[in-house]
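The sequence shown begins at 13 in the working numbering and counts up by one. Worksheet for the structure shown next.
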Amino acid sequence: MEKGAARAEWDSPVQFILACVSYAVGLGNVWRFPYLCQMHGGGGFLIPYLLMLFLEGVPLFYLELAIGQKMRQGSIGAWTAISPYLGGVGLASVVTSLYLCLYYNIINGWSFWYLFHSFQAVLPWSTCPLSANRTEPLEECRVATPTQYFFYRETLNISPNIETNGGIHTGQALCLLLAWVMTYLFIVNGVKSTGKVVYFTATFPYIVLTVYLIRGVTLHGAVNGITYMFTPKMEELANPSTWINAATQIFFSLGLGFGSLIAFSSYNQYNNNFERQAIIVSLINSGTSIFASIVTFAVYGFKATVNYENCLDRLRLLLMNTFNLAEDVISQDNVLDWVEKLNTSYPLEFAQIADKVETCDLTKELSTAVEGTGLAFIVYSEAITNMPLSQLWSVLYFFMLLLLGMGSMLGNVTAIITPIKDFKMFSGISEELLNGVVCIFCLLLGLGFTTPSGNYWFTMFNDYGATFSLLFIVLFEVVTVSYIYGIKRYIEDMLGHPPNWYWKIMWGGVSPLLLIALLIFYIINYIRGGTPTYQAWNQELGQAVVTEYPVFGQVFIALLIVSSVSCVPMTALYAYCRRRRPSATAVYT
Numbered sequence: 013m014e015k016g017a018a019r020a021e022w023d024s025p026v027q028f029i030l031a032c033v034s035y036a037v038g039l040g041n042v043w044r045f046p047y048l049c050q051m052h053g054g055g056g057f058l059i060p061y062l063l064m065l066f067l068e069g070v071p072l073f074y075l076e077l078a079i080g081q082k083m084r085q086g087s088i089g090a091w092t093a094i095s096p097y098l099g100g101v102g103l104a105s106v107v108t109s110l111y112l113c114l115y116y117n118i119i120n121g122w123s124f125w126y127l128f129h130s131f132q133a134v135l136p137w138s139t140c141p142l143s144a145n146r147t148e149p150l151e152e153c154r155v156a157t158p159t160q161y162f163f164y165r166e167t168l169n170i171s172p173n174i175e176t177n178g179g180i181h182t183g184q185a186l187c188l189l190l191a192w193v194m195t196y197l198f199i200v201n202g203v204k205s206t207g208k209v210v211y212f213t214a215t216f217p218y219i220v221l222t223v224y225l226i227r228g229v230t231l232h233g234a235v236n237g238i239t240y241m242f243t244p245k246m247e248e249l250a251n252p253s254t255w256i257n258a259a260t261q262i263f264f265s266l267g268l269g270f271g272s273l274i275a276f277s278s279y280n281q282y283n284n285n286f287e288r289q290a291i292i293v294s295l296i297n298s299g300t301s302i303f304a305s306i307v308t309f310a311v312y313g314f315k316a317t318v319n320y321e322n323c324l325d326r327l328r329l330l331l332m333n334t335f336n337l338a339e340d341v342i343s344q345d346n347v348l349d350w351v352e353k354l355n356t357s358y359p360l361e362f363a364q365i366a367d368k369v370e371t372c373d374l375t376k377e378l379s380t381a382v383e384g385t386g387l388a389f390i391v392y393s394e395a396i397t398n399m400p401l402s403q404l405w406s407v408l409y410f411f412m413l414l415l416l417g418m419g420s421m422l423g424n425v426t427a428i429i430t431p432i433k434d435f436k437m438f439s440g441i442s443e444e445l446l447n448g449v450v451c452i453f454c455l456l457l458g459l460g461f462t463t464p465s466g467n468y469w470f471t472m473f474n475d476y477g478a479t480f481s482l483l484f485i486v487l488f489e490v491v492t493v494s495y496i497y498g499i500k501r502y503i504e505d506m507l508g509h510p511p512n513w514y515w516k517i518m519w520g521g522v523s524p525l526l527l528i529a530l531l532i533f534y535i536i537n538y539i540r541g542g543t544p545t546y547q548a549w550n551q552e553l554g555q556a557v558v559t560e561y562p563v564f565g566q567v568f569i570a571l572l573i574v575s576s577v578s579c580v581p582m583t584a585l586y587a588y589c590r591r592r593r594p595s596a597t598a599v600y601t
């Protein structure tokens with residue numbers, strides 16, 4: 013292709029692999045996979061997860077790399093080149109990536125916020141602020157725990173519901189600005205600057221994870237968490253949700269459907285061996301999920317053990333004061349036996365303190381599943397406060413989160429900018445200016461997430477902005493290549509040989525059927541779920557409570573879904589109308 017000869021390229025295949033790793037290995041590997049592993053039976057979840065990797069993940073990842081390398085354009089241009097009627101598939105990817113960029117960088121803003129606060133002599137989420145009388149902790153914080161209070165009230169300044177709003181949180185707005193400035197500097201010169209940045213963003217998180225692993229396995233109780241992770245609950249294999257969540261996790265952790273992989277591979281040489289690279293990156297991504305989970309479950313075990321032992325200490329103190337037991341008689345090891353003994357021997361006296369007797373259960377502590385921001389900014393923060401040199405571990409952890417988030421943002425923004433640059437009308441605009449305009453546009457819209465109700469909008473975008481639409485997009489991709497454009501015509505001339513039987517079986521039947529099953533699952537789940545809900549922060553209770561979205565929220569959810577999916581039929585209709593006009597000219601070079 014003539015235009016491909018002048019197109020910028022990666023300096024080396026290694027640079028391209030690192031860019032894909034930096035994009036694919038993100039926050040989902042650290043906070044989503046451990047949650048699913050915990051929820052679906054520990055080691056038992058690895059069976060459907062690894063199976064879905066080879067039935068769905070690797071073939072679809074391979075497919076997207078091939079699209080970009082073959083067409084040498086971003087998502088819109090690549091699909092328009094295949095057929096003008098399919099340009100909407102690429103446009104839907106760009107719209108979905110735009111939604112992702114709007115809310116994803118606020119996570120990096122939170123990481124900056126926590127990172128800056130980590131340099132204080134006392135971590136601010138380790139203790140509660142004092143109430144107005146300055147003599148006792150603030151009631152809301154005491155009920156909620158200091159880590160939850162700091163996240164919801166200090167970091168987010170959260171409102172009680174999505175209808176209540178207020179001004180922009182200045183500190184968060186500045187952190188979001190810093191996150192977008194960093195993003196711009198990373199992508200200012202396209203692949204020339206991105207290719208250099210990924211050497212750091214793709215490798216340094218592994219150094220931090222390794223350091224955390226070494227520290228984690230030496231923590232008190234870490235073995236309890238790791239044992240819990242690798243103890244399979246085989247009955248979970250009979251649960252359809254386990255298989256659905258495994259397929260979904262593979263799909264989203266690889267970043268399929270956003271157009272980022274198409275954009276990245278469009279800067280490859282035409283005969284680059286993307287087949288081997290697809291396998292390498294997919295395996296690295298899944299290996300990182302398992303590696304990060306071992307670290308996470310070590311921290312889980314430490315936190316759960318500390319909470320369990322603190323519970324035993326409170327129970328021990330209660331029994332000692334009530335029944336005048338000597339300190340050397342009752343210990344952590346036998347306190348539960350004493351509870352049973354005293355309840356049997358002195359039922360009347362025990363009944364008087366029954367409402368104060370806590371149920372201390374290590375297994376229950378370990379099985380409390382937390383995902384997303386709750387895991388990253390609450391559970392980890394609480395564990396860090398109990399570690400020696402907590403400031404050091406806090407700096408390392410939130411710096412790692414920042415790099416993971418920034419690495420993913422490189423792919424997210426590239427998925428938007430590359431298709432725009434391919435348009436004739438933008439060919440005269442410098443790369444620096446175009447990248448800057450896109451970043452400023454996303455920053456201004458993203459400021460809405462720094463308001464008191466911003467976290468509820470963040471949840472809405474995260475839950476509905478890039479779920480159904482991505483499945484829809486990738487299903488179109490695999491069906492088009494397998495049954496319309498043709499696999500042989502599509503791939504053989506780049507690799508010098510036809511794809512083997514494995515790829516053909518996956519693209520021709522297995523992967524499309526899995527995608528259709530996922531689409532049906534989401535539609536049924538959405539219908540059966542009734543009115544969409546979110547977690548609203550209740551200041552009196554000091555916890556999040558399930559709340560239904562108001563009518564305007566439900567309308568906005570529908571718009572999020574329709575706005576991206578409708579790109580496909582609307583663009584096809586537009587292409588049909590243009591073809592009926594002989595004077596129509598192409599917008600791509």
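Don't be surprised by glycine CBs; every beta carbon is placed ideally from N, CA and C. These numbers come from a predicted model, not from an experiment.
Query	Result
Proximity of Leu327 and Ile365 at Cβ, strictly below 8 angstroms	no
Beta-carbon proximity check, Ser465 vs Ile174, cutoff 8 angstroms	yes
Unbroken beta strand (DSSP E) run spanning Trp549, endpoints	545-550
Inter-stretch contact (C-beta, 8 angstroms, three-pair minimum) for the stretch 120-135 and the stretch 286-305	no
Rounded separation between Ala275 and Leu72 - CA only	15 angstroms
Contact under 8 angstroms by Cβ, Trp192 with Asn251	no
The stretch 176-185 touching the stretch 471-479, judged by at least three CB pairs closer than 8 angstroms	no
Cβ separation of Ala78 and Ile517, assumed to be a contact under 8 angstroms, to the nearest whole Å	Actually they are not in contact, since the Cβ atoms of Ala78 and Ile517 sit about 16 angstroms apart, beyond 8 angstroms.
Contact belief for Leu526 with Leu150 at Cβ below 8 angstroms, rounded distance in angstroms	Not really, about 50 angstroms apart at Cβ, beyond 8 angstroms.
Distance CB(Ser34)-CB(Leu422) smaller than 8 angstroms	yes
Assigned secondary structure, Pro602 (DSSP; H/G/I helix, E/B strand, else coil)	Nothing about residue 602 can be read from this structure; the chain reaches only from 13 to 601.
For Asn142, the nearest candidate out of Ala133, Cys153, Gln132 (CA to CA)	Just to set this straight, residue 142 is Leu in the shown sequence, not Asn. Comparing Cα positions, the closest option is Cys153.
Secondary structure, alpha helix (DSSP H): runs of 4+ residues fully inside the stretch 241-324	252-265, 272-277
Euclidean distance between Cα positions of Ala234 and Asn346	22 angstroms
First and last residue of the uninterrupted alpha helix (DSSP H) at Val558	Counting along the chain, Val558 falls outside any alpha helix (DSSP H), though it belongs to the beta strand (DSSP E) covering 555-560.
Buried or exposed (CB count within 10 angstroms, at least 16 for buried), Val574	exposed
Between the CA atoms of Gly102 and Cys32 - distance to the nearest angstrom	19 angstroms
Nearest residue (CA-CA) to Leu354, options Thr334, Asp367, Glu339, Asp373	Thr334
Beta-ladder partner(s) of Pro149, from DSSP	Leu142
Three-state secondary structure assigned by DSSP to Phe435	strand
Terminal residues of the alpha helix (DSSP H) in which Val577 lies	563-577
First through last residue of the alpha helix (DSSP H) which encompasses Ala36	25-36
Nearest candidate by alpha-carbon position, reference Thr222, set His232, Pro158, Ile306	Ile306
Coil, strand or helix - Cys454 by DSSP	helix
Same chain, Cβ closer than 6 angstroms to Gln551, neighbours up to 5 away in sequence not counted	Glu152
For Glu68, the three-state DSSP class (helix, strand or coil)	helix
Coil, strand or helix - Arg540 by DSSP	helix
Neighbour-count burial assignment, Asp434, 16 or more Cβ in a 10 Å radius	buried
Cα-Cα separation between Gly440 and Tyr279, rounded to whole angstroms	20 angstroms
Coil, strand or helix - Val491 by DSSP	helix
Residue nearest to Leu571 in terms of C-alpha spacing, selected from Phe473, Gly498, Trp519, Trp515	Phe473
Cut-off 6 angstroms between Cβ atoms - residues of its own chain near Val155, not counting five sequence neighbours on either side	Gly554
Host alpha helix (DSSP H) of Lys368 (start-end)	No alpha helix (DSSP H) holds Lys368; DSSP gives it neither H nor E.
Which of helix, strand or coil DSSP assigns to Gln85	coil
Best match in Gly38, Ser343, Thr230, Val42 for proximity to Gly386 [C-alpha to C-alpha]	Val42
Close beta carbons around Asn467, own chain, < 7 angstroms, minus the five adjacent residues each side	Leu168, Ile170
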